[in-house]
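Novice: The numbering of the sequence shown is the UniProt record's numbering, which starts it at 1 and goes up by one. Yeah, the Cβ is synthetic: ideal placement off N, Cα and C, and Gly gets one too.
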Amino acid sequence: MLHFFDKIHKNLLKLIYPDYCAGCDNLLLHNEKIICTNCLHHLPTTLHLETETNEIHRIFYGILPIEQAYSLLYFHKNGIAQNLIHQLKYKKRQDIGNYLAEMFSSEFKVAVSFKTVDLIVPVPLHKKRLYERGYNQIDTFCQTLSQELNIPYDKDVLVRNEYLKSQTKKSKIERREVKSTLFSVQKNDALKGQHFLLVDDVLTTGATIEACAKELLSIPNAKVSILTLAYAQS
Numbered sequence: 001m002l003h004f005f006d007k008i009h010k011n012l013l014k015l016i017y018p019d020y021c022a023g024c025d026n027l028l029l030h031n032e033k034i035i036c037t038n039c040l041h042h043l044p045t046t047l048h049l050e051t052e053t054n055e056i057h058r059i060f061y062g063i064l065p066i067e068q069a070y071s072l073l074y075f076h077k078n079g080i081a082q083n084l085i086h087q088l089k090y091k092k093r094q095d096i097g098n099y100l101a102e103m104f105s106s107e108f109k110v111a112v113s114f115k116t117v118d119l120i121v122p123v124p125l126h127k128k129r130l131y132e133r134g135y136n137q138i139d140t141f142c143q144t145l146s147q148e149l150n151i152p153y154d155k156d157v158l159v160r161n162e163y164l165k166s167q168t169k170k171s172k173i174e175r176r177e178v179k180s181t182l183f184s185v186q187k188n189d190a191l192k193g194q195h196f197l198l199v200d201d202v203l204t205t206g207a208t209i210e211a212c213a214k215e216l217l218s219i220p221n222a223k224v225s226i227l228t229l230a231y232a233q234s
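#1: According to DSSP, simplified to helix, strand and coil, what is D139?
#2: Hey, how far is the Cα of K109 from the Cα of K115?
#3: Kindly give me the distance between the Cβ atoms of G23 and L84, rounded to whole angstroms, as I take these residues to be in contact under 8 Å.
#4: Does the count of Cβ pairs from the stretch 185-203 and the stretch 38-54 closer than 8 Å reach three?
#5: Cutting at 6 Å between CB atoms, please list the residues of its own chain near D118, excluding the five before and the five after it.
#6: Kindly indicate which three-state DSSP category A111 falls into: helix, strand or coil?
#7: Would the stretch 138-153 count as touching the stretch 99-108 if we require 3 or more Cβ pairs under 8 Å?
#8: Quick check on the DSSP output: the beta strand (DSSP E) that includes K223 runs from which residue to which?
#9: For N136, collect the residues of the same chain with a Cβ closer than 8 Å to its Cβ; drop the 5 residues on either side in sequence, then sort them by chain order.
#10: How would you label K77, buried or exposed, when you count the other beta carbons within 10 angstroms and need 16 or more for buried?
#11: Which two residues bound the contiguous alpha helix (DSSP H) that contains I35?
Okay, structure coming up:
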């Protein structure tokens, strides 16, 4: 009986406060969740998890000795991926991170390079930005990924030392000018020999990821793989 009334209550709430697709902002149907069927069908997946080498890996050739690199979606202006990231980052839609981790979990589990990962590490926000936004947009994704793969997650390994203004309106050349002192590693001695999975929301020039990865690779015998939710192609 309680289950019956609970179901009625949830249905009434949906009538009063309907759910909208995070990809296109259209009304979600009863059986749809987070993203509508049409957006799911047109989701710009990269298929990087199904290949040994890809365009993300090639970005870092000769720059970083990374194990592997992946992006899940292609980021296009006014596209589905941009809308998802915007909702996740600025509209407190942390459920999108959880949804994407669950959606791709089966592919993560069969990817060979994930089998040797020891620790999932997010690209950190500066404490001032974290206070302003209230959360790191990549945290929920990392937490769910950790649960799905049974790999530990630690958001305190890397620290962002400087507060920077939003990068969204900067050119790619300006974005590449990331100071080597922007990030630092905590708990260095305890992390020797670890294989880190470094996670961020969008890869544009690769400068932020590069700065973080270099800090992780300064740890003795460390290895680094890279994962981003989306890749903004040139």
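Specialist: In terms of the structure at hand:
#1: Reduced to three states, the DSSP call for D139 is helix.
#2: One C-alpha to the other measures close to 8 Å.
#3: Their Cβ separation, rounded to whole angstroms, is 6 Å, which keeps G23 and L84 in contact under 8 Å.
#4: Contact between the stretch 185-203 and the stretch 38-54 is absent, because fewer than three Cβ pairs lie under 8 Å.
#5: Q194, H195, listed in sequence order.
#6: In this structure, A111 counts as coil in the three-state DSSP scheme.
#7: Taking 8 Å as the limit for Cβ pairs, the verdict is that the stretch 99-108 does touch the stretch 138-153.
#8: It spans 223-232 - the beta strand (DSSP E) in which K223 sits, taken as one unbroken run.
#9: By the criterion of a C-beta distance shorter than 8 Å, N136 is surrounded in its chain by P122, P124, L125, L130, K155, once the five residues flanking it on both sides are discounted.
#10: Classification for K77: exposed.
#11: Unbroken run through I35: none, as it is neither H nor E.
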